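Asker:
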Amino acid sequence: MGDNAKRYTHLKSATCKRTTGVIIKKFLILITIMTIWSPIVKSDALISFSMNEGYNSNLFNDSFSISDSYTTFSTDVAIYPTEMMEINVYGDYNLYKQTSNLSSFMGGASFSFIPSTSTMISQVIFNGSLSYLSYGADFSPYNNMVISGSGSWSYQLRKKVVSKIGLGASSKRYTNTSSVTDNLYYAYGRLLATVWSQNAISFETAFYSKKFSTDDSFNSNNRYIDLSFRYSRPIGNSIGLQIFYLKRLFEDSNDAFIPGYTIDYLSPWYSLWGGDEISVSIKKIFQNQVVVYLRGAYSEKSYIKQRESDLTIIPQFTIFARDDITRSISIELERKYFTGKSLIIPRIIFRYLDNNSSLKLYSYEKISLYGSISLGF
159 MGDNAKRYTH LKSATCKRTT GVIIKKFLIL ITIMTIWSPI VKSDALISFS
209 MNEGYNSNLF NDSFSISDSY TTFSTDVAIY PTEMMEINVY GDYNLYKQTS
259 NLSSFMGGAS FSFIPSTSTM ISQVIFNGSL SYLSYGADFS PYNNMVISGS
309 GSWSYQLRKK VVSKIGLGAS SKRYTNTSSV TDNLYYAYGR LLATVWSQNA
359 ISFETAFYSK KFSTDDSFNS NNRYIDLSFR YSRPIGNSIG LQIFYLKRLF
409 EDSNDAFIPG YTIDYLSPWY SLWGGDEISV SIKKIFQNQV VVYLRGAYSE
459 KSYIKQRESD LTIIPQFTIF ARDDITRSIS IELERKYFTG KSLIIPRIIF
509 RYLDNNSSLK LYSYEKISLY GSISLGF
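Counting in the numbering used here, the sequence shown runs from 159 upward without gaps.
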């Protein structure tokens, strides 16, 4: 891991004012376009702006524990050209104080379309999106563009029982490493029911196929199935409870392997794991309209075997297995203020995470603190 250590040290000290300036310029151009456009569609649009301040004690989810604070500016316009369609245009600029090359710009657009043939019993929905993500110079190999599309059909079987099936696909292309692609195809079936008064339960089965190709002629097709269960119910007039469980099963996981994890949450391979995940969430609404969310989660994940390689380092061909046990707890507070036709929402989030891994590099603790204020009108 010596090469990785050098790389992380370099990333921590790297700065790139020119690249940060380019990212800011992209965000300001998008803001200008949306500001000019919004009065034209204001009668059929919802517009929102938000500013967030945060601190992350472990940017790269590893034992190096590189920390930084950041500021995020976001804008969003939801347009309704007809009763059957919603178009959403958004932009986010994320500025890190010390690790400036991790600063990023994301812009994109999406749509949802519900055909007029939909009824209260049967409903068809089509979705599509296009997004672009750009980092500073040191992280530019992870710049990417994603195109996705999906469709679903839901049908009310009985008064309190609804079934839903859907399928979709997405294609991620890394714009600075054109031969690296990440394609996902999926299909799912879901059953939702309300039983014994206010107990809501849902079961879902989803099949995924992830196809990768990389610069060093590595190609893989990873298939897995998600089996999930969700239970929720109110407790009294002001408390809500939700329990979620996920079982992920990989096909031929003992024989499969992928290029190295590199920077965990930026890597295109980080979602490839099999195992179990469970979470419990509680929502409490106080009389002063302050809403508090408490959430605890536990997971056991076995990642696809790692061949030590990434997009920027000469490949090494040592094979590693990685098994993680993760525990986390979070608390979120928010309050909605209505002023005329505007809505203001201040929000504070605290999260603690402990990850114990069979690979020492990925055993770490993480604290995240996040505060935001958003304005919608």
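For every residue, glycine included, the Cβ atom is placed at its ideal position computed from N, Cα and C. Bear in mind that the values here come from a model prediction, so they are computed numbers and not experimental data.
Would you report the Cα separation of LEU342 and THR363, rounded to the nearest angstrom?
Answerer: Between the C-alpha atoms of LEU342 and THR363 there is a straight-line separation of about 16 Å.
Asker: Once you ignore the five residues that flank GLU523 on each side, which residues in its own chain have a CB closer than 6 Å to its CB?
Answerer: Taken in chain order, the residues that qualify are ASP512.
Asker: Return the CA-CA distance between GLU435 and LEU253, expressed in angstroms with no decimal places.
Answerer: 32 Å
Asker: Could you name the residues of the same chain whose beta carbon sits closer than 8 Å to that of SER516, not counting the 5 residues immediately before and after it, in chain order?
Answerer: ALA479, ARG480, ASP481 and ASP482
Asker: In whole angstroms, what is the alpha-carbon distance linking LEU404 and LEU385?
Answerer: 6 Å
Asker: Which parts of the stretch 240-318 are runs of the beta strand (DSSP E), unbroken and 3 residues or longer, counting only runs that do not cross its ends?
Answerer: 243-254, 262-271, 280-293 and 302-316
Asker: Between THR333, GLN356 and TYR366, which has its C-alpha nearest GLY347's C-alpha?
Answerer: Out of THR333, GLN356 and TYR366, TYR366 has the C-alpha closest to the C-alpha of GLY347.
Asker: At which residues does the beta strand (DSSP E) containing PHE387 begin and terminate?
Answerer: 377-393
Asker: Under 9 Å, do SER232 and TYR251 count as touching if we go by C-beta distance?
Answerer: yes
Asker: Which residues in the same chain have their Cβ closer than 6 Å to the Cβ of ARG381, if we skip the five residues on either side of it in sequence?
Answerer: Contacts found: SER367 and GLU409.
Asker: With 16 other CB atoms within 10 Å as the buried threshold, where does LEU452 fall?
Answerer: That one is exposed.
Asker: What's the C-alpha gap between ILE502 and THR230?
Answerer: So the two alpha carbons sit approximately 17 Å from each other.
Asker: Going by DSSP in three states, SER516 sits in which element: helix, strand or coil?
Answerer: coil
Asker: Assuming contact is defined by CB atoms lying nearer than 9 Å, are SER206 and SER530 in contact in what I supplied?
Answerer: no
Asker: With a threshold of 16 other CB atoms inside 10 Å of the CB of ILE397, please say whether the residue is buried or exposed.
Answerer: exposed
Asker: Grab me the residues of VAL450's own chain with a C-beta within less than 6 Å of its C-beta, minus the 5 sequence neighbours each way, in chain order.
Answerer: LYS442 and LEU491
Asker: Between the beta-carbon of SER268 and the beta-carbon of ASN246, is there less than 9 Å?
Answerer: yes
Asker: DSSP three-state label for ASP220, please.
Answerer: Looking at ASP220 - three-state DSSP - the assignment turns out to be coil, as it is neither helix nor strand.
Asker: Which term fits PRO299, buried or exposed, when burial requires 16 or more other beta carbons within 10 angstroms of its beta carbon?
Answerer: buried
Asker: What distance in whole Å lies between the Cβ atoms of LEU325 and SER308, which are believed to be in contact at a cut-off of 8 Å?
Answerer: 7 Å
Asker: Residues in the same chain with beta-carbon distance under 6 Å from ARG331, minus the five sequence neighbours each way, listed in chain order, please.
Answerer: Non-local beta-carbon contacts of ARG331 in its own chain, meaning distances under 6 Å to residues more than five positions away in sequence, involve MET303 and THR339 in chain order.
Asker: Here's a check: name, in chain order, each residue in its chain whose Cβ is nearer than 6 Å to the Cβ of MET264, leaving out the five neighbours to either side.
Answerer: Excluding five sequence positions before and after MET264, the CB atoms of its chain that fall closer than 6 Å to its own CB belong to ASP250 and LEU291, given in chain order.
Asker: Less than 8 Å between C-beta atoms, sequence neighbours within five positions excluded: which residues of the same chain meet that for ILE393?
Answerer: Annotation for ILE393: LEU399 place their beta carbon closer than 8 Å to its own, counting only its chain and skipping 5 residues before and after.
Asker: CA-CA distance, ALA540 and TYR344?
Answerer: The structure shown does not extend to residue 540, since the chain is modelled only from 159 through 535, so no value can be given for it.
Asker: Which two residues bound the contiguous beta strand (DSSP E) that contains TRP431?
Answerer: 431-443
Asker: First and last residue of the beta strand (DSSP E) that includes GLN400?
Answerer: 397-408
Asker: Taking the Cβ atom as the reference point for each residue, do PHE402 and PHE387 lie within a distance shorter than 9 Å?
Answerer: yes
Asker: Using the beta-carbon count (16 or more within 10 Å), is TYR293 buried or exposed?
Answerer: buried
Asker: Going by the DSSP bridge assignment, what does PHE365 pair with across the sheet?
Answerer: ALA345 and ILE383
Asker: How would you call ILE421, buried or exposed, if buried means at least 16 neighbouring beta carbons within 10 angstroms?
Answerer: Unreliable placement is indicated for ILE421, whose pLDDT of 48 sits below 50; the coordinate value is still reported in the next sentence. Buried is the call here.
Asker: Work out the CA separation of ASN514 and SER486 for me, nearest whole Å.
Answerer: 12 Å
Asker: Are there 16 or more other CB atoms within 10 angstroms of the CB of SER262, so buried, or fewer, so exposed?
Answerer: With 16 or more other Cβ atoms within 10 Å, it is buried.
Asker: Taking C-alpha atoms, which residue in ARG505, GLY454, PHE297 and THR497 lies nearest to THR333?
Answerer: The shortest C-alpha separation from THR333 is found at PHE297.
Asker: Alpha carbon to alpha carbon, what distance is there between LYS463 and LEU217?
Answerer: 23 Å
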